[in-house]
Amino acid sequence: MALKMEKTVGSRKLVLVLDASAFIYGFNPLSVEEASYTVPAVEAEIIGNEVAYTRFSIALNSGRLKILSPNDNAIKEVKESAKRTGDAHILSETDLQLLALALQLREENTPIIVTDDYSIQNVARYLGIKAVPLATFGIKSIIKWVRYCPACRRKYQESYMGDTCEVCGAKLKRKCLKKISIINHNSGEG
Ligand SMILES: [Zn+2]
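Pasting the structure below:
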């Protein structure tokens, strides 16, 4: 399946930066022309998922997927940006690394982050990095998030605008309540 956008921007190549959900929901780096990148923490997250990890390993061994650790400067810049967008308390260490890797790759390429994570998309937009949902590749997923207080366990709806617990003042965390994925096999691949 081809991305419906320009393959190059100037002399820069389009490259994809993949989060764990991309592999879990069925994205296959071998099905696209662009080179794919991810961070070591993503490998650690999917190693227990046999189907996703098999897909990951095949792409890695083929050379179409590369694992890179972002440099400290890129991580620092992403952390600063996440503070400004209000996503710092929601982004996981893996999310920060993915954003930092995209930022680093932008020095020589045009990175596109593939993720359904709203906070990653939000910080990417702030940094001027393109982020696309998995639906771009025919993968539809519905993620239901819940925010909760790690101290008193109180749950908060998406509509709650604060980022701290109104009872005890702790910083809220977010977890995935439900994931449903629908993979479109019309391309005949996968
Ligand atoms: Zn609380």
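First residue of the sequence shown? That's 524 in the working numbering, and the numbers climb one at a time after it.
Using N, Cα and C, we set each Cβ at its ideal position, and we do this for glycine too.
Next on the checklist: Within 10 Å of its beta-carbon, does Cys688 have 16 or more other beta-carbons around it, so buried, or fewer, so exposed?
Outcome noted: Here residue 688 refers to the residue found at position 165 of the sequence shown. With a threshold of 16 other beta carbon atoms within 10 Å, Cys688 meets it and is buried.
Next on the checklist: Would Leu537 and Arg587 be called neighbours here (beta carbons separated by less than 8 Å)?
Outcome noted: Residue 537 sits at position 14 when you count from the first residue of the sequence shown. Residue 587 sits at position 64 when you count from the first residue of the sequence shown. Using a Cβ distance threshold of 8 Å, Leu537 and Arg587 do not count as a contacting pair.
Checklist entry - Which residue from Arg607, Leu626, Val601 and Gln627 puts its Cα closest to that of Ser615? => result Residue 615 sits at position 92 when you count from the first residue of the sequence shown. It is Val601.
Checklist entry - Mind checking Glu556: buried by the 16 CB within 10 Å criterion, or exposed? => result Position 33 of the sequence shown, counting from 1, holds the residue named residue 556. Per the 10 Å Cβ criterion, exposed.
Next on the checklist: Any heavy atom of ligand 1 closer than 7 Å to the beta-carbon of Ala674?
Outcome noted: Locating residue 674 in the sequence shown gives position 151, counting from the first residue. For Ala674, the shortest C-beta to heavy atom distance toward ligand 1 is below 7 Å.
Item to check | Segments assigned alpha helix (DSSP H), at least 4 residues, entirely inside the stretch 637-665 | outcome: Correct list: 641-650.
Next on the checklist: Under 8 Å: do the stretch 609-623 and the stretch 574-587 share three or more Cβ pairs, one atom per stretch?
Outcome noted: Taking 8 Å as the limit for Cβ pairs, the verdict is that the stretch 574-587 does not touch the stretch 609-623.
Item to check | Inter-stretch contact at 8 Å, needing at least 3 Cβ pairs: the stretch 643-654 / the stretch 589-608 | outcome: In short, these stretches touch, since the Cβ pair count reaches three.
Item to check | Val669 CB to nearest heavy atom of ligand 1 below 7 Å | outcome: In the sequence shown, residue 669 corresponds to position 146, counting from 1. Every heavy atom of ligand 1 is 7 Å or more from the Cβ of Val669, so no.
Item to check | Entirely enclosed alpha helix (DSSP H) segments - the stretch 531-588, minimum 4 residues | outcome: Taking only runs of at least 4 residues, the alpha helix (DSSP H) segments lying wholly in the stretch 531-588 are 543-547, 563-569 and 573-585.
Item to check | Arg676, buried or exposed, once every other Cβ within 10 Å from all chains shown has been counted against 16 | outcome: Here the question's residue 676 lines up with position 153 in the sequence shown. Around the C-beta of Arg676, fewer than 16 other C-beta atoms lie within 10 Å, and the residue is accordingly described as exposed.
Next on the checklist: Quick check: the Cα distance between Phe546 and Cys672, rounded to an integer number of angstroms?
Outcome noted: Counted from its first residue, the sequence shown places residue 546 at position 23. Counted from its first residue, the sequence shown places residue 672 at position 149. Using only the alpha carbons, I get a separation of about 29 Å.
Checklist entry - Which value, in whole angstroms, describes the spacing of the CA atoms of Ser710 and Glu603? => result For the purposes of this step, residue 710 is taken as residue 187 along the sequence shown, with counting starting at 1. For the purposes of this step, residue 603 is taken as residue 80 along the sequence shown, with counting starting at 1. With a pLDDT of 43 at Ser710, under the threshold of 50, the modelled position of that residue is not reliable, and no figure is offered here.
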